[in-house]
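The UniProt record's numbering numbers the first residue of the sequence shown as 1 and each following residue consecutively.
A virtual CB, placed ideally from N, CA and C, is assigned to each residue, including glycine.
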Amino acid sequence: MPAMVTPVSTLTQLSGVVRNTARSPAPLLGSRACSPAHASTPCVALCSRRAYDTIGNVSASRGCFSASRDAQLRTRPVMMSRRSVSSVTATSLQIELVPCLSDNYSFLIHDPETGVTAAVDPAEPTPFEDILESRGLKLDYILNTHHHGDHVGGNKALKQKYSATVVGPSADKDRIPGIDIALADGDTFQLGAHTLTVYDTPGHTRGHIIYHCPSAEAVFVGDTLFALGCGRLFEGTAAQMFDSLAKIKAMPGATKVYCAHEYTQANARFCLSRPDPSPALVARADEIAALREQNVPTVPTTVQRELETNPFLMVASAAEFAELRTAKDNF
1 MPAMVTPVST LTQLSGVVRN TARSPAPLLG SRACSPAHAS TPCVALCSRR AYDTIGNVSA
61 SRGCFSASRD AQLRTRPVMM SRRSVSSVTA TSLQIELVPC LSDNYSFLIH DPETGVTAAV
121 DPAEPTPFED ILESRGLKLD YILNTHHHGD HVGGNKALKQ KYSATVVGPS ADKDRIPGID
181 IALADGDTFQ LGAHTLTVYD TPGHTRGHII YHCPSAEAVF VGDTLFALGC GRLFEGTAAQ
241 MFDSLAKIKA MPGATKVYCA HEYTQANARF CLSRPDPSPA LVARADEIAA LREQNVPTVP
301 TTVQRELETN PFLMVASAAE FAELRTAKDN F
């Protein structure tokens, strides 16, 4: 296993990591773009991994749906359990949603061009072991966004079984089980043919990070941002979280947001309780209710959808954010 990378210069490259030790604030990531047309939108296949633990199974012939038109999913009678996965292919990067525990989403990333495979925030080992065995894959990396047990619970077992390299936040390196590579704001990490950029996003925890993969139009946000919500402030401040969310807001609108919990329907109820809910929010809440009635995940969302309907991304100041976050905590 590689040792933890220690920066030795302003810009050091080691074991696929480009480390920015200057630690200047992360730049804005560019203007937002509209969602692409269906022809260029990754398709979503809903599938069951294990019949023994599913409420109902999707046939082997998978349906094809536009990721930017998730309302279409409502028309397909799909039932999914926590042992089901949702697979999204973006460019050459394959991303599988792995339900864990009661409401957690972890993710399995595979680059078929290089054979590299990674688990993002594995809450528990067994779902990943099952998928890896069924696919004939070996786990190369474990990527953690923060130290909470429902995000690192699978680290030790998966690292021991597959000799996987554990990557996590530098500010929380003492609280990430088995960590080998510690990353911070501005660092990049090479995952097969794809480059992930790391951004510090303190607020939910003091050392939270996110992983942005521009080539796959994807960002793995842990508990920083949720569909129609954001993470609770356990260790950070409202000002920190406000700034952290600004980094996600600056990403292109088509960026798919892989958040780590199925909180969307509860978040929608809070959003609808606020004064003058927009028609877009009301319509989205209806879509969410239909999806959850069929046990279909509401993740990933997109930056654009959150900008249009998530009140936590609409506030103009840290003070307004703090007021909104307090209201949600007491809802």
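query, result
"Local conformation of residue 232 per DSSP, three classes", "coil"
"Residues near residue 230 in its chain [Cβ-Cβ closer than 6 Å; skip 5 each side]", "312"
"Simplified DSSP assignment, three categories, for residue 304", "helix"
"Which residues DSSP lists as bridging residue 222, in chain order", "259"
"The stretch 221–237 touching the stretch 190–197, judged by at least three CB pairs closer than 8 Å", "no"
"Neighbourhood of residue 285 by C-beta, 7 Å cutoff - its chain only, sequence neighbours within 5 removed", "268 and 272"
"DSSP bridge partner residues for residue 217 (one or two, in chain order)", "According to DSSP, which records beta bridges pairwise, residue 217 is partnered with nothing at all."
"Close-in-space but distant-in-sequence residues of the same chain around residue 101 (CB under 7 Å, 5 per side omitted)", "123, 124 and 150"
"With 16 other Cβ atoms within 10 Å as the buried cut-off, status of residue 339", "Coverage of the chain is limited to positions 1 through 331, which leaves residue 339 absent and any answer about it impossible."
"Sub-8 Å separation of residue 141 and residue 165 beta-carbons", "yes"
"Nearest candidate by alpha-carbon position, reference residue 186, set 135, 307 and 197", "197"
"Inter-residue Cα distance where the pair is residue 314 and residue 98", "30 Å"
"Given residue 300 as reference, the closest of 264, 330 and 201 once Cα atoms are compared", "264"
"Closest residue to residue 298 among 256, 205, 321 and 161 (Cα-Cα distance)", "256"
"Nearest-angstrom Cα separation, counted from residue 157 out to residue 181", "18 Å"
"Beta carbon of residue 222 nearer than 8 Å to that of residue 130", "no"
"Sequence ranges, beta strand (DSSP E) only - wholly within the UniProt domain \"Metallo-beta-lactamase\" (103–261), length at least 3", "104–111, 116–120, 141–143, 165–169, 179–183, 188–191, 194–200, 209–213, 218–222 and 256–259"
"Cα-Cα separation, residue 281 to residue 234", "27 Å"
"Proximity to residue 349 [Cα-Cα], best of 92, 18, 162 and 19", "Any answer about residue 349 is impossible in this case: the structure gives the chain only from 1 up to 331."
"Any C-beta of chain C under 8 Å from that of residue 172", "Chain labels in this structure do not include chain C; a single protein chain is all it has."
"Endpoints, the beta strand (DSSP E) within which residue 94 is located", "93–100"
"Inter-residue spacing [alpha-carbon to alpha-carbon] between residue 96 and residue 132", "11 Å"
"Separation of residue 331 from residue 138, as counted between CA atoms", "43 Å"
"Counterpart residues of residue 274 in DSSP-defined beta bridges", "Per DSSP, none; premise fails for residue 274."
"Contact check, residue 254 vs residue 302, beta carbons under 8 Å", "yes"
"CB-CB length for residue 219 against residue 248, believed under 8 Å", "7 Å"
"For residue 17, the three-state DSSP class (helix, strand or coil)", "strand"
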